[in-house]
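Residue numbers (our numbering): 16 to 286. Just so you know, even glycine gets a beta-carbon here, dropped at the ideal spot from N, CA and C. Given the structure is predicted, the values throughout are model-derived calculations rather than measurements. So the structure is just underneath, and the comments pick up after that.
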């Protein structure tokens, strides 16, 4: 494994769930202080998450870094924390979403949509309750109206047991080939985004906006939805609790999310 970034680090991109955030949904004072110290050295800090603005922004504010950019919905939206300025947006086309939600209704699949930063569901169940608990979000129950989207969703998400979701992904791709990128961000979360949207692609777009080369980026993640970003950055770092497929493909593995892995790596390589 590489023990040192090859190029100077000018930007740090950090995933939230299971990477920056500990299992008890907190971030330690040590981690917050370490990230602030990196920013004080002139390094751009950005959040890179599958979350929506409403559930990502509290963690951004907790870090106390000002109007930093946040990559949301796994790369479908870049929005600044304080000014809420949208730097980039690529939602799922409304007609594609309507077709997929119609299929979900026919098959009885649990599905969530994210339109205008509002989490919508057809009905409230234990999957929705669990999602709200993990993300501190609030779902709006829409009944049958849910299946006729009122706009272009930034993302769709389906919850179920892992093996069920893997089969569901195959069925979606068979029914609507080439329309979506589909992957599990957690064993029970199936993320559905527009084709070609990923954290890696979005990281390049953000680097172009800020005039920074990808080789000057350090990125942190844990899941398969982070892998494109970890591989795109000049120095990708996985936390120790990352899935094995991710740990095998990055230059460096730090401590776990519960052991301040992000802060430890920043302190080791930057401060």
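Asked, Found
"Where residue 70 falls, given that 16 or more other Cβ within 10 Å makes a residue buried", "buried"
"Segments assigned alpha helix (DSSP H), at least 4 residues, entirely inside the segment 81-144", "109-122"
"Closest residue to residue 98 among 276, 235, 68, 264 (Cα-Cα distance)", "68"
"Outcome for residue 243 when other beta-carbon atoms lying within 10 angstroms are tallied against a minimum of 16", "buried"
"Contact set for residue 150: own chain, Cβ-Cβ below 6 Å, skip 5 residues either direction", "70"
"Collapsed DSSP secondary structure at residue 270 in the structure displayed", "coil"
"Exposure label - residue 80; buried when at least 16 CB within 10 Å", "buried"
"Contact check, residue 231 vs residue 103, beta carbons under 7 Å", "no"
"Test item: CB-CB of residue 285 and residue 24 under 7 Å", "yes"
"Reduced DSSP secondary structure (H/G/I, E/B, other) of residue 210", "coil"
"Where the beta strand (DSSP E) through residue 154 begins and ends", "154-156"
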